[in-house]
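For the sequence shown, the numbering used here assigns the number 10 to the initial residue and increments by one for each residue that follows. Beta carbons are placed, not taken as given, at the ideal position from N, Cα and C, and that holds for glycine. These numbers were taken from a predicted model, which means no experiment stands behind them. Shown next, in structure tokens, is the structure this report addresses.
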Amino acid sequence: MSLSGLGETGEAQPAPALFPAPESGAPAPARRRAGSAPPGPARGAEADRQLVFFGADAAEPTVADLAGLLAGPGEVVRMGGTARLSVRVDAAWRVHVLVAEFASRGLAASWEPTDGERHTVRTSYTRVLKPLAAAWLHGPVKRPPAAFHLTGRRLRLWLTAAGTPEPPDGFLLRFGADDREHWESIGVALAAAGLAGTLINPAEGGPTYRITGRRRLSRLAELVGEPPPAAPVDAWPTRP
């Protein structure tokens with residue numbers, strides 16, 4: 010059930026259709042006539058939205074951003090001089106968004122359904138991911154490299170794979186089941202990004218970090234940027 014490197018599905022195996030497929034592209038900005046004055050500042054809420062330093066909109070996508078998936082439930086494995094990244098998700102919209110995110114970084118991706126209406130999304134084996142694997146793997150154990158930090162694009166990928174709102178003013182960022190080795194390090198990175206959270210252990214419904222409070226949720230929304238077209242309206246943090 011392969012998807013092309015451009016994030017488009019093959020005719021034989023469409024992407025999971027549990028929701029409308031995302032619309033492609035965005036409206037082109039209006040052109041300004043030669044010699045005319047530049048448009049004035051936008052009015053309303055959009056005018057108040059500033060580009061956040063380290064936010065998802067502040068830089069072009071890079072392979073290094075995929076560390077955000079490894080901070081969450083993503084896995085990376087090596088084979089010879091190559092590596093492959095995979096992540097298991099619980100909703101079809103996440104498949105659409107992740108395939109597009111991989112494609113924007115020049116990585117081909119495939120997906121397959123697993124048990125319980127879940128899906129596994131994975132890249133092909135490629136040399137491009139070898140440095141990421143080298144930084145995160147200590148033998149078979151996944152562990153964040155020293156001085157790991159979370160940028161907006163890394164958080165956006167983590168949220169896409171395993172972020173869940175917890176009304177009225179909470180948000181959960183989940184780990185993989187075997188990520189105990191790096192719970193503390195990722196908690197430090199979240200706090201450094203202004204998103205100090207509470208670690209929820211597996212016995213209490215985790216492993217996950219719970220981020221609560223309107224101020225922190227606003228910060229999370231600023232960092233991860235606008236929701237992707239495929240994401241349900243209530244699945245993404247919003248700015249007040």
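Would you tell me roughly how many angstroms separate the C-alpha atoms of A112 and A118, rounded to the nearest one? Rounded to whole angstroms, the separation of the alpha carbons of A118 and A112 is 7 angstroms.
Where T160 falls: helix, strand or coil (DSSP): Note: T160 maps to coil in three-state DSSP.
What does DSSP give as the partner residue(s) for P122 in the beta ladder? H128
Comparing alpha-carbon positions, which option in V85, V72, D74 lies nearest G185? V85
Check each candidate in A92, V242, A100 and name the one with the smallest Cα separation from A3. Because residue 3 is not part of the residues shown, which for the chain are 10 to 249, the question remains open.
Nonlocal neighbours in the same chain, by C-beta distance under 6 angstroms from A202, ignoring five residues either side: L159
Just tell me which of L164, G148, L146, V108 has its CA closest to the CA of W183. Rather than Trp, the amino acid found at residue 183 in this sequence is Arg. Nearest C-alpha to R183: L164.
What do you get for F225, buried or exposed, if any count of 16 or more other CB atoms within 10 angstroms of its CB means buried? Note on residue identity: the sequence assigns Arg, not Phe, to residue 225. Classification for R225: buried.
I need the DSSP call for E55, collapsed to helix, strand or coil. With a pLDDT of 38 at E55, under the threshold of 50, the modelled position of that residue is not reliable, and the figure given next carries that caveat. E55: helix per DSSP, three-state reduction.
Run through the DSSP bridge pairs and tell me what P174 is partnered with. F180
So, are the CB atoms of R223 and G179 less than 7 angstroms apart? no
Segment limits, alpha helix (DSSP H) that includes L78: Unbroken alpha helix (DSSP H) run through L78: 76-80.
Within the same chain, show all residues whose beta-carbon is closer than 8 angstroms to that of S133, passing over the 5 residues directly before and after it, in chain order. R93, L116, A117, A118, S119, listed in sequence order.
For the beta strand (DSSP E) that V96 lies in, which residues bound it at each end? 91-98
State yes or no: is the beta carbon of R103 nearer than 7 angstroms to at least one beta carbon in chain C? As a matter of chain content, chain C is missing from the structure shown, which is built from one protein chain.
DSSP beta-bridge partners for K151? L146
Roughly how many angstroms lie between the CA atoms of R131 and I209, to the nearest whole one? 27 angstroms
Classify E84 as helix, strand or coil using the three-state DSSP reduction. strand
The beta strand (DSSP E) enclosing L232, as first and last residue numbers: No beta strand (DSSP E) holds L232; the alpha helix (DSSP H) holding it covers 223-233.
Local conformation of L166 per DSSP, three classes: helix
Cβ shell of L181 (< 6 angstroms), same chain only, five flanking positions each side left out: Same-chain partners within the cutoff: T173, E175, T217, R219.
Contact defined as beta carbons within less than 8 angstroms: I believe W245 pairs with P236. What is the distance between those atoms, to the nearest angstrom? 4 angstroms
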